[in-house]
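*Asks:* Numbering-wise (the numbering used here), the sequence shown opens with residue 15 and increments by one. No residue lacks a Cβ here, since even glycine has one placed at the ideal position from N, Cα and C.
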Amino acid sequence: MTKDQAPQPQTEPADAAATPAAALTPEDLLTELQAKNLEITDAFLRARAEVENVRRRSEEELAKARKFAIEGFAESLLPVLDSLQAAAAIENASVEQMSQGVRLTLEQLLQVLERNKVVQIAPGVGSRFDPHQHQAISVVPSEQEANTIVSLLQTGYSIAERILRPALVTVAAPK
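1. Would you mind sorting proline 180 into buried or exposed? The rule is 16 or more other CB atoms within 10 Å of its CB.
2. State yes or no: is the C-beta of valine 185 nearer than 7 Å to some heavy atom of the ligand GDP?
3. Just how far apart, CA to CA, sit arginine 70 and glutamate 64?
4. Would DSSP call valine 139 helix, strand or coil?
5. Using a threshold of 8 Å, state whether the C-beta atoms of threonine 162 and alanine 186 are closer than that.
6. Return the CA-CA distance between glycine 86 and valine 133, expressed in angstroms with no decimal places.
7. Examine chain C for any beta-carbon lying closer than 8 Å to the beta-carbon of arginine 80, and answer yes or no.
8. If threonine 119 sits next to serine 90, beta carbons under 8 Å apart, how far is it from one beta carbon to the other, in whole angstroms?
9. Between the alpha carbons of serine 108 and leucine 127, how many angstroms are there, rounded?
10. Can you grab the Cα-Cα spacing for the pair alanine 83 / arginine 117, in whole Å?
11. Just verifying my parser: in three-state terms, what is the DSSP assignment at alanine 160?
12. Can you name, in chain order, every residue of its own chain whose Cβ lies under 8 Å from the Cβ of alanine 136, other than the five neighbours on each side?
13. Can you name, in chain order, every residue of its own chain whose Cβ lies under 6 Å from the Cβ of proline 188, other than the five neighbours on each side?
14. What does DSSP give as the partner residues of histidine 148 in its beta bridges?
15. With DSSP as the reference, label leucine 43 as helix, strand or coil.
16. If we count the other Cβ atoms within 10 Å of its Cβ and call it buried at 16 or more, is histidine 148 buried or exposed?
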């Protein structure tokens, strides 16, 4: 090399990955971006399909849970049904036998309700009126303190602290 000859810059890089985007030809850049676009699109479509599958499976499981949620409760009621059918099959049963059978079947039914977390709401006379659990049918004059229960007309029921039916009561009127 002579003094007036300058070193020539390398035209081809040793490592193509280290090539800056400015050194790529427009066609090479377009090809690279299209490949990247395909890769990202594929990843997006796979993620969207996975989300859709999870949503669908969740909906199916929820539908099954709703459909069969009552299965355990219905199964626990079958012995009560058996008792009632057995009582209906007895001909010429005495009043005493029928009365005893009804009491036993009622006890059996109350046990089923209790096992399935159905709780009775049966406020005692003199207890405070609670509009969230009780429904006042009438307000009557009474010697009791105002807004207390005078009588229980119908038992209420709740399940998991949610009122199925409020207890029907009469309430003492203010004096």
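*Replies:* Quick answer:
1. Position 166 of the sequence shown holds residue 180. Under this definition proline 180 is a buried residue.
2. Judged by which ligands are present, the structure shown has none, so any question about the ligand GDP falls away.
3. Counting from 1 along the sequence shown, the entry for residue 70 is found at position 56. Counting from 1 along the sequence shown, the entry for residue 64 is found at position 50. Computed Cα separation, rounded: 10 Å.
4. Along the sequence shown, one-based indexing puts residue 139 at 125. Valine 139: coil per DSSP, three-state reduction.
5. Within the sequence shown, numbered from 1, the residue matching residue 162 stands at position 148. Within the sequence shown, numbered from 1, the residue matching residue 186 stands at position 172. The Cβ atoms of threonine 162 and alanine 186 lie closer than 8 Å to each other.
6. Here residue 86 is taken as the residue at index 72 of the sequence shown, counted from 1. Here residue 133 is taken as the residue at index 119 of the sequence shown, counted from 1. One C-alpha to the other measures close to 17 Å.
7. No chain C appears in the structure shown, which is made up of a single protein chain.
8. Numbered from 1 along the sequence shown, position 105 holds the residue referred to as residue 119. Numbered from 1 along the sequence shown, position 76 holds the residue referred to as residue 90. Actually they are not in contact, since the Cβ atoms of threonine 119 and serine 90 sit about 14 Å apart, beyond 8 Å.
9. Taking the first residue of the sequence shown as position 1, residue 108 is located at position 94. Taking the first residue of the sequence shown as position 1, residue 127 is located at position 113. Cα to Cα, serine 108 sits roughly 29 Å from leucine 127.
10. By one-based count along the sequence shown, residue 83 stands at place 69. By one-based count along the sequence shown, residue 117 stands at place 103. In this structure, the CA atom of alanine 83 is about 29 Å from the CA atom of arginine 117.
11. Indexing the sequence shown from 1 puts residue 160 at position 146. Alanine 160 sits in coil when the DSSP states are folded into three classes, being neither helix nor strand.
12. Sequence index remark: in the sequence shown, residue 136 carries index 122 (1-based). Excluding residues up to 5 positions away in sequence, Leu166, Thr169, Gly170 and Ala181 lie with their Cβ nearer than 8 Å to the Cβ of alanine 136 in the same chain.
13. In the sequence shown, counting from the first residue as 1, residue 188 sits at position 174. When the five nearest sequence neighbours on each side are left out, the beta carbons in the same chain lying within less than 6 Å of the beta carbon of proline 188 are those of Ala160, in order along the chain.
14. One-based indexing of the sequence shown puts residue 148 at position 134. Partner(s): Ala181.
15. Here the question's residue 43 lines up with position 29 in the sequence shown. If DSSP states are grouped into helix, strand and coil, leucine 43 belongs with the helices.
16. Position 134 of the sequence shown holds residue 148. Histidine 148 comes out buried.
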